[in-house]
Amino acid sequence: MQNTLDMLEVIIENYRRDEGNIISLLQDVQEHFGYVPREAMVYLSESLGIPQSKFFGVATFYSQFHLKPRGENIITACCGTACHVKGSERLINSLLRGLHIPSGEDTSEDKKFTVEKVNCVGACSIAPVVIINKEIHGKMTADRLMKEIKKLKRS
Ligand code: FES
Numbered sequence: 000m001q002n003t004l005d006m007l008e009v010i011i012e013n014y015r016r017d018e019g020n021i022i023s024l025l026q027d028v029q030e031h032f033g034y035v036p037r038e039a040m041v042y043l044s045e046s047l048g049i050p051q052s053k054f055f056g057v058a059t060f061y062s063q064f065h066l067k068p069r070g071e072n073i074i075t076a077c078c079g080t081a082c083h084v085k086g087s088e089r090l091i092n093s094l095l096r097g098l099h100i101p102s103g104e105d106t107s108e109d110k111k112f113t114v115e116k117v118n119c120v121g122a123c124s125i126a127p128v129v130i131i132n133k134e135i136h137g138k139m140t141a142d143r144l145m146k147e148i149k150k151l152k153r154s
């Protein structure tokens, strides 16, 4: 816990003179923790004298912020129109089943995988598109996707 508090103090120190920059502050927190823990927002709020509601408002408004721990591997499925027409929903459903991620959840129990949906990523000509750990895979099929997942599980 002391390491966590020390890290938060370092982050706070970087912003002590610039209280308005909540987005950058939250980005630093997420960079360090992998997500934005509620406790971190409370701590920052009290330390900087900025209302908690401001932190929560920004963190929940911008999709870049994640309020729950994410998996080691991030699988992002495009659900824009072109990908939807090419079966992205089926891909996602088979992926969630294959990873045993329950309905309403996005991260596997072992915290190895998080499955996210996004709108068009601008690669419609190779729909359906899945981004695996920031690497774009076009014309994805359920079989290919599960092969990629198996590779990640082995690594
Ligand atoms: S809709 Fe998926 S890349 Fe455009």
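Here the sequence shown is numbered in numbering that gives the first Met the number 0, starting from 0 and rising by one per residue. Ideal Cβ placement from N, Cα and C applies to all residues, glycine included. Predicted model only: the values in this text are computed from it and were never measured.
Straight-line gap, residue i to residue j (C-alpha atoms, nearest Å)
{"i": "His31", "j": "Leu25", "result": "10 Å"}
{"i": "Lys110", "j": "Gly70", "result": "4 Å"}
{"i": "Cys82", "j": "Ala76", "result": "9 Å"}
Residue burial classification, residue i (beta-carbon count within 10 angstroms, cutoff 16)
{"i": "Pro68", "result": "exposed"}
{"i": "Ser87", "result": "buried"}
{"i": "Lys138", "result": "exposed"}
{"i": "Ser154", "result": "exposed"}
{"i": "Val129", "result": "buried"}
{"i": "Ser107", "result": "buried"}
{"i": "Val54", "result": "Note on residue identity: the sequence assigns Phe, not Val, to residue 54. Buried, by the Cβ-count rule."}
Residues that DSSP places opposite residue i in a beta bridge
{"i": "Asn72", "result": "Phe112"}
{"i": "His83", "result": "DSSP, once it has assigned bridges, lists no residue as partnering His83."}
{"i": "Glu134", "result": "Ile131"}
{"i": "Thr106", "result": "Thr113"}
Item checked: Given 8 Å, three or more beta-carbon pairs between the segment 35 to 50 and the segment 78 to 94 -> no
Check: If we count Cβ pairs, one from each stretch, closer than 8 Å, do we get three or more for the segment 70 to 79 versus the segment 109 to 129?
Finding: yes
Next item on the list: Kindly provide the ranges of any alpha helix (DSSP H) runs that are 4 or more residues long and lie completely inside the segment 6 to 53, ordered along the chain.
Entry: 21 to 32, 37 to 47
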